[in-house]
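J.:
Residue numbers (the working numbering): 1 to 103.
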């Protein structure tokens, strides 16, 4: 019955036009409450999952990209990658991959 509430809740919330991330959260909380799990335990589990040290890389990755874009380094990286693989058919896709790899 828990899986039915989870899938049904997810489907209903998605059909209402809610973003998928919110629909997953709402459906999971509804299923947990139906299963008798206290709301405090659910929130502690969510907060514990977001407190990982590796999640710290996300804002620093965004900051580095912003600094590279403002400083012009991102454009120079793309130009360098274009020299290496830009002449190949489908080269712009390869330029994207090579520039992202160098980043």
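Using N, Cα and C, we set each Cβ at its ideal position, and we do this for glycine too.
1. Taking residue 84 as the reference, which of 71, 99, 73, 75 has the closest Cα?
2. Is the beta carbon of residue 191 sitting closer than 8 Å to the one on residue 42?
3. Might you give, ordered along the chain, the residues of its own chain that have their beta carbon closer than 6 Å to the beta carbon of residue 82, omitting 5 neighbours on each side?
4. What first and last residue would you give for the alpha helix (DSSP H) that runs through residue 3?
5. I'd like the span of the alpha helix (DSSP H) that includes residue 51, first residue to last.
6. Classify residue 18 as helix, strand or coil using the three-state DSSP reduction.
T.: Checking against the coordinates, here is how it stands:
1. Closest option to residue 84, Cα to Cα, is 99.
2. Because the chain here runs from 1 to 103, residue 191 falls outside it and cannot be looked at.
3. Cβ neighbours of residue 82 beyond the five flanking positions: 95.
4. Run containing residue 3: 2-15, per the alpha helix (DSSP H) assignment.
5. Annotation for residue 51: no alpha helix (DSSP H) segment contains it, and DSSP assigns it neither H nor E.
6. Looking at residue 18 - three-state DSSP - the assignment turns out to be coil, as it is neither helix nor strand.
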